[in-house]
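Start counting at 1 in the sequence shown, then tack on 479, and there's your number in the working numbering.
Cβ coordinates follow ideal geometry from the N, Cα and C atoms, glycine included.
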Amino acid sequence: MVDKSSLPVFKNDPIIVLVLGIITCGLYLIYWNIKIAEVFNQIEGKEVISPVVAVLAGCCMPVNAYFYYVCGQHLATLGDLTNNPNLKDKSTLLLILGIFFPMVSAMILQGHINELYD
480 MVDKSSLPVF KNDPIIVLVL GIITCGLYLI YWNIKIAEVF NQIEGKEVIS
530 PVVAVLAGCC MPVNAYFYYV CGQHLATLGD LTNNPNLKDK STLLLILGIF
580 FPMVSAMILQ GHINELYD
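Here's what the structure looks like:
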């Protein structure tokens, strides 16, 4: 089990993620992807999302879908840390929203990441 105090802190209001994603035409999501990749890599204790994939996910649609697919695969571990066992059931929703509405998917994922720091 990962010690929560060793996790990189990346706590944002989910609405801010949505608004900044829209205002910057998605450029903020490149930074956001990098920070979320750091959090998931620390949670898993190994590199599950490389920084290169995180950057490319903000620029290229197929890589973006892969990014949210990988995030969805590791929701169970995030759910274990946040005492939310139903989180793993959201992996398909995360992928579908990541394909069609990536800013909404980022907002949802940020909300669950914030639970780590409460």
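Exercise for the section: Pair every Cβ in the region 486 to 504 with every Cβ in the region 532 to 549, then say whether three or more of these pairs are closer than 8 Å. Expected result: No: the two stretches stay apart, fewer than three of their Cβ pairs being nearer than 8 Å.
Practice task
Take Gln521 and list the residues in its own chain whose beta-carbon comes closer than 8 Å to its own, dropping the five residues that flank it on each side.
Solution key: Correct list, in chain order: Val481, Ser485, Leu486, Pro487.
Practice task
State the DSSP-derived secondary structure class of His553, mapped to helix, strand or coil.
Solution key: Residue state, collapsed to three classes: coil.
Problem - 8 Å Cβ cutoff met for Ile587 and Leu573 - result: Taking 8 Å as the Cβ cut-off, Ile587 and Leu573 qualify as a contacting pair.
Handout entry: Sequence-distant residues of its chain with Cβ nearer than 6 Å to Glu594 (five each side left out)
Key = Here the set comprises Thr561.
Exercise for the section: Can you grab the Cα-Cα spacing for the pair Thr503 / Ile575, in whole Å? Expected result: Linking Thr503 to Ile575 through their CA atoms gives a straight-line distance of about 22 Å.
Exercise for the section: Could you tell me the distance, in whole angstroms, from the CA atom of Pro541 to the CA atom of Tyr596? Expected result: Going by the C-alpha atoms only, they are around 31 Å apart.
Problem - Three-state class that DSSP yields for Gly505 in the structure shown - result: Correct three-state label for Gly505: coil.
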